[in-house]
Structure formats: structure tokens, C-alpha cells
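Engineer:
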Amino acid sequence: LRCLVGSEMCIRDRYYLDNMILGMKNFSSLHRYAVNGKTSGNLACIAEIKNALVVMCSPRGCGFHYRYHARARHSAFYDLECLDLREKDIIFGAEEKLCTLLRKLDKEKQPEMIFILPSVISDIINDDIEGIVKNLQAEIKAVLIPVKSQAFSHMDKVNSRKIISEKAKQKINAKFSSTAVYPGCGYVEVMDALVNNVMEVQEVQPLSINLESFIWGYNGAGKVQSMVEMFRRMGIKVNAFLPAADLNSIKHAPAAQLNIVRRKKWALTMQERFNTPFIHIANMQDWHGLDGIKDFYLTVAQKLGIQEQAESVLQDDFLTIQDRYLALRKQFSRYKFCLITHGMAALVDAINCYQKDYGLPLHKICILLSQDYYKETGINEELLNTFRNKAMQTLASVNCEAEIVLQPDDKELEAAIDACDFLICDKNPYYMKFAKPILPDFIDRSVWSYQDFVYIMEEIANILKMHIQPSGNLLLRKVDYDLDYFPMRQNDDVSLAARAMFSKLWRQRK
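Residue numbers (the numbering used here): -8 to 501.
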């Protein structure tokens, strides 16, 4: 991921490099099967910050493990120090040991900031890390930032089910932002620490924004660059990229007139402390396609009072891509597509993405739900019907007559696929057996400029042009992957049992 500091742009941890090289174990898989503790989220956030060190208040095993942390397996976290808690420290306390280490790091490495992360051990013995830091700060040149543990940091079933319930009530074409607030896998714990311990009151600068630099999806750096360029042409200045900034930029973050954020909790904290309003991009599919891109910039411009100027820039950009955009839609209209999805809550987003935004004519929509779908999501028959009715309304609004097939058997699924020219599905090799050209799922390819959107349409056009039939001789076809829990294998009883146990424990948590 690129770290953006002021007007400079430097390459730091490339967050999605694993996905680019491996094409497997993507971000959703990481969360479903490899929950690695919120410390990995803490480190993923701190990795973007310039001139920062980390001290983990943990035994050496935790420090060793998290140097090779789950969110960036290709890039070890070398700026991580460990307190190396031993049995004696756990019994009698490790205050002096922590102070000695912090003094040493401050003198030898001279960082701008040192983050102190708690661990399960330090939380259990109730170490007063904040008190230690407060007493020691006068001796240390670097800013000491204790990251307060916020207990269970991953989204639990209460919040996830709340989001699904609220999404069911969302009006067609309305932007979605749930009332659920959760720490966000350790990432927001660090962001809250920056707001509470580093940021200072500033005079607000007109036409300035803070832009959260994290979790914009594949090619996140390119997306952020597109935003920055568009904002520049509208007369909007980026005050700070958060958390990808240095100490001075983070201190001056409250000078911005508006925050644009992907995670809401820290923005609420900043709004409470500094009265900085924010726009929450909760579901990027709400801002997908040419209409979504336009809505995004006009929403920002309206908040800043420059709507007319923004409309002029957007109109100029649209004219540059209009002919190619319409030509590509005409090209796509010659085909029929079968969409396979594994959930109901995002079905409206998928219809809008493929049918309305890209112009891919959906002919069949097959919904394959896992055996634990209802237990894990909390969706009942009433919510299921609500989502299905919303999908039907959406199809009507985009003039699409696609047939929705819920839980088709093998024969029904094969018939639906045979009736179409292309299959839109995920990466599971299971779908190759139907010998139908596959268009990979593009729903997560949200971009923030008209030109970038047309580039994606060009990619789709190239795939359709090749019209490649899956080969029955691929080695990948020889492995029986589990349909519900790809990339697990069907005969991997140990992994499947572990997955089932995690799911059961997660559902029992109140």
C-alpha cells in the first residue's frame, strides 16, 4: 500500500501484494478462516505511519509471530520490538522493563512516535500502560502512544446481524451506513489512539479534507491518487492522509473541514473531540459506476459549498469517455450472463454493478447458500423475502428480466448456465466443470474516476473477446475444493472441523 505524506507519495507495505501474486487467500478468506488477532490489525495500521516504532507488551512468542503478521505475509514487520515478558514479569510486574526498553529505543532509533501495544497477557494482569507512558513521556523525545485494548475487536454476530437487518430496510438507491459501531479488527484502536493522543486543536482551513488511506480495495494507491487529482481540479486540498502520515501531519489533521472515511468509529471520536464532520463510505458498491462516482464528488462538494465547480469538472471528464463508454456497453449487450452469488444481502449491489453500471445483460441469477448460511447471518425467512423483493424491484428499475433461482440443484444450475454465454462467479474451480467461459467477479472493483471505470470495462471486453473455455486438464480441477468454504478442500476434515467450531463459538457469543 502506498503511504501518502503531504504532497509526497512513497511505497510502503504493499497490502494487496499477496492477492496479486498468489490469487488466493484474499482479504475475505483471511477474515473467514485465518482470524489472527487484532494485533495484526494494529500493525497493518501502524505500518502506514512514517517514523514509527512498535513495542508489544507480550512474551517473545507473540513478538516473533507478529513480525510475520497475517495482513502482510510478504513483508515482515521489522520495526516491531517485544517486551519479552517472562514468568517473573507477569507475577511481579514489568514497569521498569518497559521504561528501560522505551528509553533505549528513543535514544538509539530516534523515532517520531512509539506505539505501545497491549497483549492478552498484559490485559489479564491489568498492566497500567497508559499510566506508565504518562509518567515517562517527559524523559522521552518521541511521542509515546499507548493503544488501548477494546476487547473483542472483530465484528461479532450482534453487529453483523444488525448491519444485515438495517441493510434490509435500506431504500432502493439510498447510501448505506449502519448504526453499528465496532473497533474494526484492531485498526480502529490505533486510529482512536491517534485522535486522543496526537491530534491537536487547529484552525479549520476551508476546502480541505482528510482522506483515510486504508482499505480501499485492490490498487488502493491508484484509487487514492485518482481522488487526489479530482479533488485538486475542484479546488479541494488534502490536508492529511490518515493514518499514512508523519507526526506533524497527524497533529494538524483537525485543520481539515471534512473527513472522508472507510471506518466510522474513529471518525466519530474525532468529530466529538474536534467537531470534524465526516462522510462514511461504508459500502463502496453504493458509489459504484459513473452515477456513483458523480454522487461521491457532489456529496463532498456540497459539504464544502462548491457544488457548481464540481459539476463542471465532472462534466468535462464525462465528455472524454462518453463515446468509448457507450461503445463498450453496446458490445456487452450481445451476450447473456449467468450470475452466481452466495448471499442475499449484497444481491441488489451485484445487480446494479453488472446490469446497470457495466451494462452486462443478466439472464439468470443463481443463489447458492451454504448449509450454515441462516445460522451464521441470522437471516430468517422474512428477511430473505425482503432481500428477494428488493432484488426484484432493482431488476425492474434497470429494465432487466433476469430469472432469480434460489438454491438450484445441480440440474437446475447446469440448465441456467447453459442458457447463457458467460458465467460470473468467484474463483472456486468447481465452476470450471460447466465448460462455460468465466468472467471473474468484478463487484469489488470500485474506482473513483470515470477514466478508471472505463479501464475496467476494457478489461471485461478483453476477457469476453478471448471467450476462453475452461480446460478439463487443469491441475486445479483435480482438487476437490469445498463449495461453501473455498479454498478449503472437501476432504480436509481437520480444517473444516476447526471452521465449524469457530463459527459455533462466534454465534454463541452475546
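Glycine residues also receive a C-beta, built at the ideal position from the N, C-alpha and C atoms.
Assuming Ala85 and Leu93 make a contact with CB atoms under 8 Å, what is their CB distance in whole Å?
Structural biologist: 12 Å between Cβ atoms; not a contact.
Engineer: Quick one: what does DSSP say Arg51 is sitting in, helix, strand or coil?
Structural biologist: The answer is helix: DSSP assigns Arg51 an H, G or I state.
Engineer: State yes or no: is the C-beta of Ser110 within less than 7 Å of the C-beta of Cys176?
Structural biologist: No, they are not a contact pair.
Engineer: For the stretch 221 to 238 against the stretch 193 to 211, do three or more pairs of beta-carbon atoms, one drawn from each stretch, fall closer than 8 Å, so that the two count as touching?
Structural biologist: Yes, they touch.
Engineer: Identify, in the order they occur along the chain, each residue of the same chain with its Cβ nearer than 7 Å to the Cβ of Ile312, setting aside the five sequence neighbours on each side.
Structural biologist: Excluding positions up to five away in sequence, the list reads Tyr441, Gln442 and Val445.
Engineer: Kindly indicate which three-state DSSP category Phe477 falls into: helix, strand or coil?
Structural biologist: Looking at Phe477 - three-state DSSP - the assignment turns out to be coil, as it is neither helix nor strand.
Engineer: Kindly list the residues whose CB is nearer than 8 Å to the CB of Cys344, restricted to its own chain and excluding five residues on each side of it in sequence; keep chain order.
Structural biologist: The answer, listed in chain order, is Gln276, His279, Gly280, Phe433 and Ile434.
Engineer: Are at least three pairs of beta-carbons, each pair with one atom in the stretch 182 to 194 and one in the stretch 263 to 274, less than 8 Å apart?
Structural biologist: Flag = yes, the stretch 182 to 194 and the stretch 263 to 274 touch.
Engineer: Span of the alpha helix (DSSP H) holding Ala273?
Structural biologist: First-last for Ala273: undefined, no H or E at that position.
Engineer: Counting pairs of Cβ atoms below 8 Å between the stretch 155 to 171 and the stretch 125 to 139, do you hit three or more?
Structural biologist: Segments in contact, no.
Engineer: Comparing alpha-carbon positions, which option in Gly334, Lys355, Phe167 and Ile105 lies nearest Leu238?
Structural biologist: The shortest C-alpha separation from Leu238 is found at Ile105.
Engineer: Among Met492, Met47 and Lys79, which has the Cα closest to the Cα of Ile114?
Structural biologist: The sequence shown places Asp at residue 114, rather than the Ile named in the question. Of the listed residues, the one whose Cα sits closest to Asp114 is Met47.
Engineer: Tell me, which residues are paired with Thr377 by DSSP?
Structural biologist: Paired residues: none, contrary to the question.
Engineer: Straight-line CA distance for Ala452 to Pro478?
Structural biologist: Each residue's Cα considered, the two are about 28 Å apart.
Engineer: What are the residues that DSSP puts in a beta bridge with Ala231?
Structural biologist: Partner(s): Asn201.
Engineer: Taking the C-alpha atoms as reference points, what is the distance between Leu496 and Ser140?
Structural biologist: In a straight line, the C-alpha of Leu496 is about 21 Å away from that of Ser140.
Engineer: So what's Thr290 in DSSP terms, helix, strand or just coil?
Structural biologist: Here Thr290 sits in helix by DSSP.
Engineer: Among Met221, Arg51 and Leu233, which has the Cα closest to the Cα of Lys285?
Structural biologist: Closest option to Lys285, Cα to Cα, is Met221.
Engineer: Output needed for Asp483: all residues of its chain with C-beta closer than 8 Å, excluding positions within five of it in sequence on either side, in chain order.
Structural biologist: Within the same chain, Asp483 has close Cβ partners Asp473.
Engineer: Is Thr332 helix, strand or coil when you go by DSSP?
Structural biologist: It is a strand residue.
Engineer: Using only CA atoms, which one of Thr385, Val186, Lys153 and Pro461 lies nearest to Ile370?
Structural biologist: Out of Thr385, Val186, Lys153 and Pro461, Lys153 has the C-alpha closest to the C-alpha of Ile370.
Engineer: Quick one: residues in its chain with C-beta nearer than 8 Å to the C-beta of Gln322, no 5 flanking neighbours on either side, listed in chain order?
Structural biologist: Correct list, in chain order: Ala452 and Leu455.
Engineer: If contacts are defined as beta-carbon pairs under 8 Å, then Ser388 and Asp475 qualify, I think. What distance do you get, rounded to the angstrom?
Structural biologist: That belief does not hold up - the Cβ atoms of Ser388 and Asp475 are roughly 31 Å apart, past 8 Å.
Engineer: Please work out which residues of its chain come closer than 8 Å, Cβ to Cβ, to Glu535, disregarding the five sequence neighbours upstream and downstream, and give them in chain order.
Structural biologist: Outside the shown range of the chain (-8 to 501) lies residue 535, about which nothing can therefore be said.
Engineer: Can you list, in chain order, the residues of its chain whose CB lies under 6 Å from that of Asp417, leaving out five sequence neighbours each side?
Structural biologist: Closer than 6 Å at the Cβ level, and outside the excluded window around Asp417, lie Asp432.
Engineer: Tyr69 to Arg58, Cα distance in whole Å?
Structural biologist: If you take the alpha carbons of Tyr69 and Arg58, they lie about 6 Å apart.
Engineer: Out of Glu99, Leu319, Asp308 and Ala247, which one is the CA nearest neighbour of Phe447?
Structural biologist: Looking at the sequence itself, residue 447 is Ile, so the reference to Phe does not match. Comparing Cα-Cα distances from Ile447 to each of Glu99, Leu319, Asp308 and Ala247, the minimum goes to Leu319.
Engineer: Assuming Ile120 is part of the alpha helix (DSSP H), what are its boundary residues?
Structural biologist: Element bounds for Ile120: Ile120 to Leu127.
Engineer: In chain order, what residues of the same chain lie with their CB nearer than 8 Å to the CB of Leu13, ignoring the 5 residues before and after it?
Structural biologist: Its pLDDT being 42, under 50, Leu13 is placed unreliably in this model, and the value from its coordinates should be taken loosely. Cβ neighbours of Leu13 beyond the five flanking positions: none.
Engineer: Cβ of Phe269 within 7 Å of Cβ of Val252?
Structural biologist: Yes, the pair counts as a contact, with Cβ atoms nearer than the cut-off.
Engineer: So, is Thr91 buried or exposed, given that buried needs 16 or more other C-beta atoms within 10 angstroms?
Structural biologist: When all chains shown are included, Thr91 counts as exposed.
Engineer: On the three-state DSSP scale, how would you describe Glu191?
Structural biologist: DSSP places Glu191 in coil when its eight states are reduced to three.
Engineer: Using the Cα positions of His333 and Leu89, report the straight-line distance between them to the nearest angstrom.
Structural biologist: About 48 Å.
Engineer: In chain order, what residues of the same chain have a beta carbon less than 7 Å from the beta carbon of Ala524, not counting five sequence neighbours either side?
Structural biologist: The shown model of the chain, from -8 to 501, leaves out residue 524, and the question about it has no answer.
Engineer: If we ignore side chains and look at the alpha-carbon of each, how far apart do Trp439 and Leu317 end up?
Structural biologist: The straight-line gap from Cα to Cα measures roughly 19 Å.
Engineer: So what's Ser486 in DSSP terms, helix, strand or just coil?
Structural biologist: Here Ser486 sits in helix by DSSP.
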